[in-house]
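Colleague: Can you read through this structure? Questions will come right after.
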Amino acid sequence: MKTIVDEIAGMAHVGEIKYVPADFKPDVDVRWCAGCGGYAVLSPVQRIMPDFGIPKEKIVFVSGIGCSGRFPYYMETYGFHSIHGRALPIATGLKISRPDLSVWVVTGDGDNMSIGGNHFIHACRRNIDINILMFNNEVYSLTKGQYSPTSHKGQVTKSSPLGVLDEPFNPISLALGAGATFAARAHDKDRQILQSLLERAARHKGIAFLEIYTNCRIFNDGAFDLYTSKETGADNTVWLEDGKPLVFGKNKDKGIRMDGFTPKPVSLTDGKYGINDLVVHNEKDSTLAFILANMSYNPDLPRPMGIFQAISKPSYDELVDLQIRHEVETKGEGTMEELLAGSTFWDVK
Amino acid sequence: MDKIVEARDEVTVRFAGDSGDGIQVAGTLFSDTSGIMGNEVNTFPDYPSEIRAPEGTLYGVSAFQIHFGSKNINTTGDFIDVLVAMNASSLKVNLGNLQQGGIIIANSEGFDAKNLSLAGYQDNPLLNGALKEYKLHQVDMAREIKTELAGQNIPPKILKKSKNLFALGMTYWIFDRPLEPTVKWINKKFKGQDDVILTNVKVLNAGWKYAAETPEFTKQYKIEKADLAPGRYRNITGNHAVALGLVAAARKARLPLFLGSYPITPATDILQDISGFKKYGVKHLQAEDEIAGMCSAIGAAYGGSLAATSTSGPGLSLKTEAIGLAIMIEVPVVIINVMRAGPSTGMPTKPEQSDLYHAMFGRHGDAPLPVLAASSATDCFAMTIEAARIAVKYMTPVILLTDGYIGQATEPWRIPDMKDLPDLQPSFVTNPEGFAPYMRNPETLARPWAIPGIQGLEHRVGGLEKEDVTGDVSQEPGNHQRMTELRRDKIERIALDIPQAVVEGEQNGDVLLLSWGSTYGAAKTAFDTLHRDGKNISFLNLKYLHPMPSNLESILNRFKKILIPEMNLGQLKMVIQAKYLVPVDGLHKVQGKPFKANEIENKLREML
Chain A
2 MKTIVDEIAG
12 MAHVGEIKYV
22 PADFKPDVDV
32 RWCAGCGGYA
42 VLSPVQRIMP
52 DFGIPKEKIV
62 FVSGIGCSGR
72 FPYYMETYGF
82 HSIHGRALPI
92 ATGLKISRPD
102 LSVWVVTGDG
112 DNMSIGGNHF
122 IHACRRNIDI
132 NILMFNNEVY
142 SLTKGQYSPT
152 SHKGQVTKSS
162 PLGVLDEPFN
172 PISLALGAGA
182 TFAARAHDKD
192 RQILQSLLER
202 AARHKGIAFL
212 EIYTNCRIFN
222 DGAFDLYTSK
232 ETGADNTVWL
242 EDGKPLVFGK
252 NKDKGIRMDG
262 FTPKPVSLTD
272 GKYGINDLVV
282 HNEKDSTLAF
292 ILANMSYNPD
302 LPRPMGIFQA
312 ISKPSYDELV
322 DLQIRHEVET
332 KGEGTMEELL
342 AGSTFWDVK
Chain B
791 MDKIVEARDE
801 VTVRFAGDSG
811 DGIQVAGTLF
821 SDTSGIMGNE
831 VNTFPDYPSE
841 IRAPEGTLYG
851 VSAFQIHFGS
861 KNINTTGDFI
871 DVLVAMNASS
881 LKVNLGNLQQ
891 GGIIIANSEG
901 FDAKNLSLAG
911 YQDNPLLNGA
921 LKEYKLHQVD
931 MAREIKTELA
941 GQNIPPKILK
951 KSKNLFALGM
961 TYWIFDRPLE
971 PTVKWINKKF
981 KGQDDVILTN
991 VKVLNAGWKY
1001 AAETPEFTKQ
1011 YKIEKADLAP
1021 GRYRNITGNH
1031 AVALGLVAAA
1041 RKARLPLFLG
1051 SYPITPATDI
1061 LQDISGFKKY
1071 GVKHLQAEDE
1081 IAGMCSAIGA
1091 AYGGSLAATS
1101 TSGPGLSLKT
1111 EAIGLAIMIE
1121 VPVVIINVMR
1131 AGPSTGMPTK
1141 PEQSDLYHAM
1151 FGRHGDAPLP
1161 VLAASSATDC
1171 FAMTIEAARI
1181 AVKYMTPVIL
1191 LTDGYIGQAT
1201 EPWRIPDMKD
1211 LPDLQPSFVT
1221 NPEGFAPYMR
1231 NPETLARPWA
1241 IPGIQGLEHR
1251 VGGLEKEDVT
1261 GDVSQEPGNH
1271 QRMTELRRDK
1281 IERIALDIPQ
1291 AVVEGEQNGD
1301 VLLLSWGSTY
1311 GAAKTAFDTL
1321 HRDGKNISFL
1331 NLKYLHPMPS
1341 NLESILNRFK
1351 KILIPEMNLG
1361 QLKMVIQAKY
1371 LVPVDGLHKV
1381 QGKPFKANEI
1391 ENKLREML
């Protein structure tokens, strides 16, 4: 049966689908603090949107609670600012019922790793076609400065005056462990790479998880300086590029070599190892993705950034439609008379 | 010896045994056959929380009760006329409800030393005269089956599993029921396994033959057809009726159906049913938890689906925060709560009506929503459609309360014609001209349903307080007051759009019996009995718990006394007293069992 929603979903866009970034900026003031990492995400998102050729009315941004939760108000698309931790199940119901929509979830390290942690792992394993942008600032900012599930051990916050005792989640490892087909990490200081990763995430069919280090000026300023500053960034991060060896350092003079299954930093200038000894990244190699993800909190290794894994699997929403189509094709479209009557019925005259 | 045939207008049969004895199957088949014969039927499956509890134990007893007759049958029967007891424990647990002089069919094999000891019997009640008040038939079912099928090599597993059919065959003889419907079922169920079909059909026949040929079975009972409206019928449980009601409502609204749920006793059937309706284009998500069940339904509703979630008490607790969000963003979601005994895990397989407070008040903030209650298994169908109608028309989540009793009880259901069901009218907006997300329909106060996909309607919604009309985020004091009042008024206006309450019996007088939900059956039966006796009594069944019918107050004021029987400690009583300032007597049963009609009748006699 054709429903009203089928009719709406099938409505053609009037006019040419040709946007400029400004078309995605609603007429509202952005209310993040000055210097918030959020701005660094918002503008590339607005910038890449015209490239996809998706009509604005087909795009939905869903958020939870936290500073990231404001994001939908700043996008001139459909938007849903929901409740703490629940953006993903809401987006999941939306995407399953409306596969014609481009669905984005904007969340944070508290929203997505703590209160919404269960939804996150299940969204990953289902491979539902949703893009998740997770602002990771390693602190609860909207409640003014408590530690989050990604705060580092020993971090002093308003709710950990003597230092955090918990081990932090490594969001990329968690996503990969839960079966995410696309997992990537970026930061707010390199906008060009961030933009390219946003594009890759947007084009990925299935769950696309992008962790973005976003600096919180107020409650955790400089948390990522080691990885993002001009002085120290290059020596402390390694950018993963598909098909390329893992080279890092200000002078591209260091690399990552596999010692068995253990990644080891090596010098490319001391004559012991050359470029051919380095591990070559392969986005489709899940085993490698795990190894690289687990480099994250090792103080002796650079922090990996970029796309850890991008593999292709049917998305959940596709499978739902496929199952329905298959049933209808093999058994015929069910009639209400048949459904209501069931298998055992009788007539009273 | 010639058999005597006695006519009866109603009978209650109860099959009882271990949870692995196939009791639920035997009961269901008996009830299907009785429906097909044209009887009114009401059944109640009563099973333990354990899936396969240790054999022979008292806590592992599973039972299925069938109350059928030629007259109106509204309950599962107060007392048992025929008890089929497959072992000692099932006799012990159920004997208390057996009618004086009732019939016991005892599977004597289940009364060996081990079974007797598990049941706590010092010596065998089948042999020591303890049951002399009853008509006791002892049958070693396994031995009889072996004798009947002598020469055939029956695997012990099939032998053990087919005893229920032997017992069923015996009861078919006692109540003069045909075997064909069950034979048909066996053929369908075991399609492709000819030997299993053959054995099962033989065993069923053997049970019938045993009763027919054993001299101790002296009496057959004849129950005439009930006076049912012409039409096509089937047996249906409340849970199945809800699932069908959701599909029917979606069709009538021309909306896609989405169910987001998490398995929970006793509501799981709804999720299972819907998951099997793929060829009807229905979508579902077995979510990672109850919260995600509700949230995925909200997401689907936001996208324009008729969205629903099904659950039971603990699940409703978990969904609570998200229900508040649905109230705030004003989208339709049908929430089915199949109530069970609480609090906490409580007694998961046992019914109760103790979630009324939760349904009405269980949210933070001033957060009213419509609350409906279905009063029988078949009523679940109509009330599900009604819940969907209200949800879609008023853009609000609606809670429909059923319970573990009517959810799993079966009744013959006259299959409706889709043409006779109400049309549902979703208020989609497609024209951007003058659109504002919170511009309300002046009549219903509903906001427009503006779903993604419509060019020019791009807007933002969310859990933050909204500015009236524009839907922009607002913390303006006067606006919050206005929006809170609007959300309340929208729900209260529904009172003008629901049927008036109807009083059976005298329109004013001494005692008004007021039922809601599944207490309807026992209350109606008690009322009918007393009314027939000429007592000054009236009866009202309430299906709309919030808002209540607009004529309810005037009705309540016309009676000297009001009695509300409910399976809780007085929740509707409290609401009615608080709302209408009338004194109410309560009758409260929280034993995990539905009311018996005579319990309500006795209380009414005290009050009259």
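In order, the protein sequences belong to chains A and B.
All the letters of the first sequence, read from the start, carry residue numbers 2 to 350 under the working numbering.
All the letters of the second sequence, read from the start, carry residue numbers 791 to 1398 under the working numbering.
Every residue gets a Cβ at the ideal spot worked out from N, C-alpha and C, and that includes glycine.
So, is residue 1221/B buried or exposed, given that buried needs 16 or more other C-beta atoms within 10 angstroms?
Modeller: Label assigned to residue 1221/B: exposed.
Colleague: What did DSSP end up calling residue 1230/B once you bin it into helix, strand or coil?
Modeller: If DSSP states are grouped into helix, strand and coil, residue 1230/B belongs with coil.
Colleague: In three-state DSSP terms, what is residue 1338/B?
Modeller: In this structure, residue 1338/B counts as coil in the three-state DSSP scheme.
Colleague: Can residue 1024/B and residue 347/A be called in contact, C-beta distance under 9 Å?
Modeller: For residue 1024/B and residue 347/A, yes; Cβs fall inside 9 Å.
Colleague: Compare the C-beta of residue 1208/B with all C-beta atoms of chain A and state if any pair is closer than 9 Å.
Modeller: Interface residue, yes.
Colleague: Please name the residues in the stretch 1057-1076 of chain B whose beta-carbon is closer than 9 Å to at least one beta-carbon of chain A, in chain order.
Modeller: Within the stretch 1057-1076 of chain B, the qualifying residues are 1067, 1068, 1069, 1070, 1071, 1072, 1073, 1074 and 1075.
Colleague: So that I know if they touch, is there some Cβ in chain B lying closer than 9 Å to that of residue 101/A?
Modeller: Yes, residue 101/A counts as interfacial toward chain B.
Colleague: Starting from residue 834/B, trace the beta strand (DSSP E) both ways and give me its first and last residue.
Modeller: 830-836 is the extent of the beta strand (DSSP E) around residue 834/B.
Colleague: Only counting the same chain, and skipping five residues up and downstream in sequence, which positions put a Cβ closer than 6 Å to that of residue 739/B?
Modeller: Outside the shown range of chain B (791 to 1398) lies residue 739/B, about which nothing can therefore be said.
Colleague: Please name the residue, chosen from 1192/B, 809/B and 1328/B, that lies closest to residue 847/B on a Cα-to-Cα basis.
Modeller: Answer by Cα proximity: 809/B.
Colleague: Could you tell me if residue 264/A is buried or exposed, where buried requires 16 or more neighbouring beta carbons within 10 angstroms of its beta carbon?
Modeller: The residue in question, residue 264/A, is buried, as its Cβ has 16 or more Cβ neighbours within 10 Å.
Colleague: Given a cut-off of 9 Å, decide if residue 306/A and residue 205/A are closer than it, judged by their beta-carbon atoms.
Modeller: Cβ atoms of residue 205/A and residue 306/A: not closer than 9 Å.
Colleague: I want to know whether the stretch 1016-1036 of chain B touches the stretch 1189-1209 of chain B - three or more CB-CB distances under 8 Å.
Modeller: Yes: the two stretches touch, three or more of their Cβ pairs being nearer than 8 Å.
Colleague: Under 7 Å Cβ-Cβ, which residues of chain B neighbour residue 93/A?
Modeller: In chain order: 1075, 1086 and 1089.
Colleague: Whole angstroms are fine: how far does the CA of residue 1133/B sit from the CA of residue 889/B?
Modeller: Approximately 33 Å, taken between the alpha carbons.
Colleague: I need the straight-line Cα distance from residue 1056/B to residue 1128/B, nearest angstrom please.
Modeller: Each residue's alpha carbon lies about 6 Å from the other.
Colleague: Are residue 909/B and residue 881/B close, meaning C-beta to C-beta below 9 Å?
Modeller: Yes; because the gap between Cβ atoms is below 9 Å, this pair is in contact.
Colleague: Excluding five sequence neighbours on each side, which residues of the same chain lie with their C-beta closer than 7 Å to the C-beta of residue 887/B?
Modeller: Hits under 7 Å: 869 and 870.
Colleague: Can you tell me where the alpha helix (DSSP H) holding residue 64/A begins and where it ends?
Modeller: First-last for residue 64/A: 60-64, but that is the beta strand (DSSP E), not the alpha helix (DSSP H).
Colleague: So, do the stretch 949-962 of chain B and the stretch 871-880 of chain B have three or more beta carbon pairs nearer to each other than 8 Å?
Modeller: Cβ pair count under 8 Å is three or more, so yes.
Colleague: Does residue 162/A pass the burial test, meaning 16 or more other C-beta atoms within 10 Å, or should it be called exposed?
Modeller: Result: exposed.
Colleague: Relative to the C-alpha of residue 142/A, which candidate in 240/A, 38/A and 303/A has its C-alpha closest?
Modeller: For the residues 240/A, 38/A and 303/A, the minimum Cα distance to residue 142/A belongs to 38/A.
Colleague: Could you please give the first and the last residue of the uninterrupted alpha helix (DSSP H) stretch that includes residue 318/A?
Modeller: Here the alpha helix (DSSP H) through residue 318/A covers 317-332.
Colleague: Is it true that the stretch 197-204 of chain A meets the stretch 42-49 of chain A, where meeting means three or more beta-carbon pairs spaced less than 8 Å apart?
Modeller: Because the criterion of three Cβ pairs below 8 Å is met, the stretch 197-204 of chain A and the stretch 42-49 of chain A touch.
Colleague: Between the beta-carbon of residue 1070/B and the beta-carbon of residue 334/A, is there less than 9 Å?
Modeller: Contact: yes.
Colleague: In chain order, which continuous runs of the beta strand (DSSP E) of length 3 or greater are located wholly inside the stretch 853-886 of chain B?
Modeller: Here the runs fully enclosed are 870-875.
Colleague: According to DSSP, is residue 45/A helix, strand or coil?
Modeller: If DSSP states are grouped into helix, strand and coil, residue 45/A belongs with the helices.
Colleague: Is the CB-CB distance between residue 81/A and residue 1092/B below 9 Å?
Modeller: Yes, these two residues count as a Cβ contact at 9 Å.
Colleague: With 9 Å as the limit, tell me which residues of the stretch 1214-1245 of chain B have their beta carbon closer than that to any beta carbon of chain A; keep them in chain order.
Modeller: The stretch 1214-1245 of chain B vs chain A, Cβ under 9 Å: 1216, 1218, 1220, 1240, 1241, 1242, 1243, 1244 and 1245.
Colleague: What is the DSSP secondary structure of residue 1204/B, reduced to helix, strand or coil?
Modeller: DSSP places residue 1204/B in strand when its eight states are reduced to three.
Colleague: On the DSSP letters alone, give me the boundaries of the beta strand (DSSP E) that residue 266/A sits inside.
Modeller: Looking at the DSSP string, the run of the beta strand (DSSP E) that includes residue 266/A is 263-268.
Colleague: Got a sec: does the ligand MN put a non-hydrogen atom nearer than 8 Å to the Cβ of residue 1363/B?
Modeller: For the structure depicted, the ligand MN is absent and the ligand set is empty, with no information on it obtainable.
Colleague: Can you find at least 3 beta carbon pairs, one from the stretch 1112-1123 of chain B and one from the stretch 114-130 of chain A, that sit closer than 8 Å?
Modeller: At 8 Å Cβ cutoff, the stretches do not touch.
Colleague: So which residues of chain A does residue 815/B contact, with C-beta pairs closer than 8 Å?
Modeller: Near residue 815/B there are no residues of chain A at all, since even the closest Cβ is about 13 Å away, more than 8 Å.
Colleague: For a cutoff of 9 Å on Cβ pairs, would you count residue 1023/B as touching chain A?
Modeller: Cβ-Cβ to chain A under 9 Å: yes for residue 1023/B.
Colleague: Taking 8 Å as the cut-off, does the stretch 82-100 of chain A touch the stretch 149-156 of chain A (at least 3 CB pairs, one atom from each stretch)?
Modeller: The answer is no - the stretch 82-100 of chain A does not touch the stretch 149-156 of chain A, with fewer than three Cβ pairs under 8 Å.
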